[in-house]
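Sequences listed follow chains A and B, in order. Residue numbers for the first sequence follow our numbering, so the first one is 249 and each next one is one higher. Residue numbers for the second sequence follow our numbering, so the first one is 2 and each next one is one higher. Quick notes on the structure that follows.
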Amino acid sequence: MTLTTTADSWSFLLAVILGVPALGAVVVALLPASRDRQARIVATVFAAVTFLLTIAPVFFRDRAGGWSAFGDVPQLIPWVNLDLPWVPALGLDFHLGVDAVSYPLIVLTGLLTLLCCAYTVKKVPEAGAGRTLAALLLVLEVGVLGTFLALDLILFFVFFEVVLLPMFAVIAGWGGPDRRRAARKFVLYTLAGSVLLLLGVIIVVSRAGTGDLIVLTGSPPLSRGTQCLVFALLAVAFAVKAPLWPLHTWLPDAHTEAPTVGSVILAGVLLKMGTYGLIRVGVGVAPDGAAWAAPVLGVLAVVAILAGSLICLRQRELKRLIAYSSVGHMGFVLLGIATLTVTGIQAALIGNVAHGLITGLLFFLVGTIKDRTGTGSIDQLSGLREQAPRLAGLLGFAAVASLGLPGLAGFWGEAFAVVAAVQAGGPFWLTCAALAAVGGALTAAYFLRLLRRVTHGPATPVVRAMRPSIAAAEWFAWAPLVLLTLVVGLAPALILSGTALPIVDLLGGSR
Amino acid sequence: MSVDVAGPLLPLVPLLAGLLGLLLAPGDGGRARRRLAAGLGVAGAALALLLSLRLLWDGASFETGLEIVSFGGLPDESLITVGFGVAINPAVVYVALAVSLVALLVQIYSITYLHDDPRYAPYAAQVSLFTGAMLLVVTSNDLIVLLIGWEVMGACSYLLIGHDRRLPEAPAAAVKAFLVTRVGDVGFLLGIAVLVVEAGDAHLDVVLNSPYDPATLTAALLLILAGVAGKSAQFPLHTWLPDAMAGPTPISALIHAATMVAAGVWVVFRLYPLFTRSPVALAVLAVLAAITILLGALAATAQDDLKRVLAWSTVSQIGYMTAALAVGSPAAALFHLLTHAAFKALLFLAAGAVIHAVGTNLLSRMGGLRAHMPVTFWSFVIGLGALAGLPPLAGFWSKETVLTAAAHATEGGEPVPVWAGWVVWLAALFAVGITAWYATRLLLRAFFGAYRAHGPAGPDWEVGFDDGRYQVPAAPHDPPAPMRLPLIVLAVPSALLGLAAYAPGFRTSLELEDPHLGVAVALPMLLLVAGAGFAWWIWWAVPGVDPALALGRARPLFAAGFHLDAVQHRLVVTPVRSLARWVTAGDERVVDAAVTGAGTGTRSLGGHFADVHRVALPGAVVLVCLGALVLGVVAWLGVAA
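What follows is the structure in structure tokens.
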């Protein structure tokens, strides 16, 4: 078809974005054990180069207009497009592309991987070799970036699965005392989801005759019944990844046991694969199916918001609390998607990025607190602001950002998910909006409870024994997240400019 | 500087000063860092004051702004555009002036008040942020940006109320302040969402001129009133305000006078054209206002804590403002907001001076301070006089306009129902007497009679912002100059601002009616004299005894604020807690148990199959034969077909 002709020299940028971290992982893994620290620095350099490359596609955004040269304008217009045949017999193309929907997530992935690699230079969990951990982080990055870049369904599935084993290894290798069980639960649960994803992908590819998302997006050649079936399969698969209530129970275990960098990557970018997949593949390929399932998704989203925050009110373990808060936040993202309005999906996009920044920061902070005091139990932590005012201040900032304070990144996704539900209209969506807003108040309740228990009051012995200062590597890892939380909060257009048209197309609006 | 620049800078300057101040390291940083933090705080507020003076000087009304982000769009949804912009008009400038003046004085006062507090730097920065957020609410012409300022104020109040590390109740009070207002904000967010979605734009002008369906509009306005009740401490969401006294006293002045509680009144003022289209919303506002006026005034009569008396009086006075709005006179509400800002800031800062001097909040440990603290005493006289509505002090004039407006509404012709006008008028009138009573009691208990600091058993406890190291001075005395100066500055508008009602420029820009002192003034004056005289008579007849004892059996009820805290606890907190317990248990025992159950189930199924493969030889032979038989039957059926 004519669309495959756009593999000009710049398009190989996308292949390079995937190639650099892959190469980095190999190099780092091959370095000898005696050069462990140097290997971690090398990994950081590779991650830094990848991060710079992930920023680059924005310079090509105006070239998207070139598509109008073709007679049949596609629904999905990538800024950069790379389409190479790979396994023609399976109909599998190596088809990558960036557009306004995926770009913020790609940059977020590049950034968080860089920050995590830099963090490992200073601090490695005791259990395993630092360079292996860094190499695994780079492999994870390849998988996540590939998922966000893929414009071919089968390729999407392949990258989606690439992520699984390195994450398993990170939890099982460098995690807490109960890491084996948590890692097993994580991998089995998500594998079960993957089976459904594979099934859905195969149905789409066999019915439509192609896996090309550019062709499939917006006006897919699928009957309504097929779309409903496909969307149901895909939605469950992505719901496991996101995770959506009631398919979330792997998350608290995985987070509690994972090392700090593992938690950051898991919350910051891995969960986004689920919501991104739901937008790009679920809604894009099966819009009628999405419309059919939207009320169910809406109910589940609201239940996730309320249940997530209520459960958080009862948690006594720092990391577990933050993990459950992710369930609530992802509920807001899903509510935005479920409304199937442009506003809602924009809210979901910015909610995704904001959650990545804020929860990434939160996991860094509680991971540090847990490392330094040796406990994650809220009952044993108190008076943090007496001993480590800076750390307490940062924790306060992250918590306040996470509860959706306007002016910080978390606000736009949550408030506009509610606005989108109001916009969708009707008693059902208005009820959803009201319940979600109540969930917002509960979110404030559990974060304030957390701050009151951990930062206020007199310092406990474990807190008094901890090191109060913040090391340079820690500043390096945290400062960008703090800054971006503020910047995205003040200028949400950074994420959202140019997303309206792709989303309209995704929803099949211009058919 | 051109006004087009001065307008947007007005909220931005204090916000920037606050953000810069937060970058300073907390903890004991020595003199240099303290000076820097104080400089930033004072400079932010002073610049804001200069900018508002600049806007006042120009007197122009204009709008300016730029787009931040837009949501939605093609093809059949409306495009919701959010922009940072300011709408400047005289009313905005007057409120901005009050906010920045009070903030500046609070900043100056705090330098001395918190002179030995190691966490002064973040404190000063948070005060700046607080001021900037309030100025954002005051100036913004966009509902979403207004919401940003609104919520940032909530967060700042949380941080500042929880500032005092040595008060065990401070963290709880801070959490309560944030959560109660946040509960109201659930409604506020939904109300704004409805208004914005129906109008298709977040711009205030578009929203005010949208043709809403009456039922939708009433629903949206009632939702917004929930947020207003939270922020402005109106019944039934007023419970956070008395507890917020755990914050340092200058913060109380800031919250009560210029920021936070004024924000709710301001939002109703800003959206007033919409409220006039919904009599139901106005009637609800009127009833809540009437309840709040009486509730606050009665609760203030029985408090022993000096700051709590003032806190409850704020609840009551804000009730006057919302009452004025309800009966159709936004100008009277704004007038009372401005005079209240002056005299309540004065009262709180003076209260800080008293607490600084005697080391306690409790009236029962004060007394006889008049001779030692003349400046503070006269500040209190002016502030309490204005609070009670003593002519010719500021509060008299603004309260008169509120009462006149309410009386006017009882004659009909306003959007609000006539009965609501009566309710408001009676409540406001009755509360004049109660206010005079508790103001007199406060003055007599604190400044007259014998000094009771050491009581019969000596000082067994001390409360203060820094009671760990606090030394009660030998004799109480007036505060040092940096704390005295704000008192003197604030005493001027507290005394004279009311006369501004005669200034044509001020009056016309607020659209205030001509002040006319008719025979209607007689009734509130009579109540005022009766209330004050009654309090004085009890104090004189039974010396050394708290006049509140005259309340008898009602006293504990009033002192506990009608036990509404307990009601709130039973109706909201406990159910949420038990719901959380149930949901958590359900998550562990049902949702997660199903997952792990699936795992163990699969494993045991596998075990069974493994067992089947290990059956002894005779059984295996039977099974193999059975299998062969089945295969044979299938094959035969296949052939036959």
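For each residue, glycine too, the CB sits at the ideal point set by N, CA and C.
Under the Cβ distance rule, threonine 585/B counts among the residues neighbouring chain A, one pair being separated by less than 7 Å.
Nearest neighbour of alanine 325/B by Cα position, chosen from Leu57/B, Val181/B, Ala594/B, Thr405/B, turns out to be Thr405/B.
Within 10 angstroms of the beta-carbon of leucine 52/B lie 16 or more other beta-carbons, which makes it buried.
Excluding five sequence positions before and after leucine 656/A, the CB atoms of its chain that fall closer than 6 Å to its own CB belong to Ala649, Thr733, Gly737, given in chain order. At a cut-off of 7 Å between beta carbons, alanine 194/B contacts chain A.
Residues of the stretch 153-166 of chain B with a Cβ closer than 9 Å to any Cβ of chain A, in chain order: Val153, Gly155, Ala156, Tyr159, Leu160, Gly163, Arg166. Of all residues in the stretch 126-156 of chain B, only Leu148, Ile149, Glu152, Val153, Ala156 come within less than 7 Å of chain A when Cβ atoms are compared, listed by chain position. Distances from the CA of asparagine 329/A to each of Phe260/A, Ser630/A, Phe664/A were compared; the closest alpha carbon is that of Phe260/A. Between the alpha carbons of leucine 286/B and alanine 46/B lies a distance of about 33 Å. Partner residues in the beta bridge of glycine 86/B, as assigned by DSSP, are Gly66/B. Look at the stretch 111-158 of chain B and you find these whole runs of alpha helix (DSSP H), each 4 residues long or longer: 121-140. Each residue's CA atom was taken as its position, placing isoleucine 193/B and valine 369/A some 47 Å apart. The way I'd put it, the stretch 286-299 of chain B does touch the stretch 317-337 of chain B; three or more beta-carbon pairs between them come closer than 8 Å. Selection Gly353/B, Tyr452/B, Arg167/B evaluated against threonine 113/B yields Gly353/B as nearest (Cα-Cα). Straight-line spacing of the CA atoms in leucine 401/A and leucine 136/B works out to 51 Å.
In this chain, the alpha helix (DSSP H) harbouring asparagine 600/A covers 590-621. When Cβ-Cβ separations below 7 Å define contact, arginine 568/A makes no contact with chain B. The Cβ atoms of glycine 201/B and alanine 227/B lie no closer than 7 Å to each other. Out of Leu37/B, Ala408/B, Ala492/B, the CA that lies nearest to the CA of phenylalanine 378/B is found in Ala492/B.
Put simply, of Gly592/A, Cys680/A, Leu610/A the residue whose alpha carbon is nearest the alpha carbon of isoleucine 570/A is Leu610/A. Within the stretch 381-412 of chain A, the runs of alpha helix (DSSP H) at least 4 residues long that lie entirely inside it are, in chain order, 401-410. Under the DSSP definition of a beta bridge, valine 328/A partners with Val346/A. Two segments are said to touch when three or more pairs of C-beta atoms, one from each, lie closer than 8 Å; by this definition the stretch 401-421 of chain A does not touch the stretch 471-479 of chain A. Bounds of the alpha helix (DSSP H) holding valine 530/B are 523-542.
At least one CB atom of chain A sits nearer than 7 Å to the CB of alanine 581/B.
Under the criterion of beta carbons closer than 8 Å, valine 533/A and threonine 465/A qualify as touching, at roughly 7 Å.
Of all residues in the stretch 419-439 of chain A, the ones placed with a Cβ closer than 8 Å to any Cβ belonging to chain B are Lys433, Leu436, Tyr437, in chain order. Closer than 8 Å at the C-beta level to chain B, one finds these residues of the stretch 623-656 of chain A: Arg633, Glu634, Pro637, Arg638, Gly641, Gly644, Val648, Leu653, Pro654, Gly655. For the pair of segments examined, the stretch 407-425 of chain B was found not to touch the stretch 525-532 of chain B: the number of CB pairs separated by less than 8 Å stays below three.
For the pair serine 471/A and phenylalanine 294/A, the Cα-to-Cα distance works out to about 45 Å. Alanine 203/B sits away from isoleucine 149/B, with the two beta carbons spaced by 7 Å or more.
The stretch 403-419 of chain A makes no contact with the stretch 286-301 of chain A; the number of CB pairs closer than 8 Å stays below 3.
The Cβ neighbour count for phenylalanine 486/A, taken over all protein chains shown within 10 Å, is at least 16; the residue is labelled buried. Shown in chain order are the members of the stretch 475-507 of chain A whose Cβ falls below 7 Å from a Cβ of chain B: Pro494, Thr497.
The continuous alpha helix (DSSP H) containing aspartate 612/B extends over residues 593-614.
Scanning chain B for C-beta atoms nearer than 8 Å to the C-beta of isoleucine 559/A yields Ala581, Val584, Thr585, Asp588, reported in chain order.
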